[in-house]
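For the sequence shown, counting from 1, position 63 maps to 51 in my numbering; every step adds exactly one. Worksheet: the structure to be examined is printed underneath.
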Amino acid sequence: MLEYKYSRKECSVCAVELIVAADGNCSKCGARARVRHIDALLQNYYNTGAIVNLENLLAFSAASHEKLVLKKYFPTIQSASLYGEYGANHISGVDVRDLRNFTDTSFDAVYASLLFDYFEEHQQAIEEIY
């Protein structure tokens, strides 16, 4: 089982000494704790050899802070969402339950935070990602 440790002294987004504000966000850049933990989680996976050489990421509804952290690990990020706009290189109208507009093996990984609470067909989405 993967052991998860998080003991960073600096913010993984802005790379300055991490001082947490009253709202739990980085006092310098405002990055939320869940965003700051992306770096620690991916680093743990890389350190254990669980994942290697990932290039292309499909990122659902990733905010700018999330993309800053993710691009350390994925040289190519395709931003997507069913609704809304999330910056440059973004495709709106992409449903995680139906990814047929992308060829198989287009992406090495899929990132989504707070996505699965918007629909009930979780198994369908997981199978589509796989």
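Where a beta carbon is used, it is the ideal one built from N, C-alpha and C, also for glycine.
Check your understanding: Per DSSP, what kind of secondary structure is residue 98 in: helix, strand or coil?
Key -> Counted from its first residue, the sequence shown places residue 98 at position 110. Strand.
Point to revise | Separation of residue 35 from residue -7, as counted between CA atoms | key: The residue labelled residue -7 in the question sits at position 5 within the sequence shown. The residue labelled residue 35 in the question sits at position 47 within the sequence shown. Confidence at residue -7 is low in this model, with a pLDDT of 49, below 50, so the placement of that residue should be treated as unreliable; the coordinate-derived value is given next. Whole-angstrom Cα-Cα distance: 12 Å.
Practice item. Closer than 7 Å by C-beta to residue 94: which residues in its own chain qualify, once you throw out the five before and the five after it? Chain order, please. Key: One-based indexing of the sequence shown puts residue 94 at position 106. 44, listed in sequence order.
Exercise for review: Report yes or no: do three or more beta-carbon pairs, one from the segment 53 to 64 and one from the segment 17 to 35, lie closer than 8 Å?
Suggested key: Touching, yes, given that three or more Cβ pairs across the two stretches are closer than 8 Å.
Check your understanding: Going along the chain, which unbroken runs of the alpha helix (DSSP H) with 4 or more residues stay wholly within the segment 21 to 72?
Key -> 21 to 36 and 52 to 58, all fully within the segment 21 to 72.
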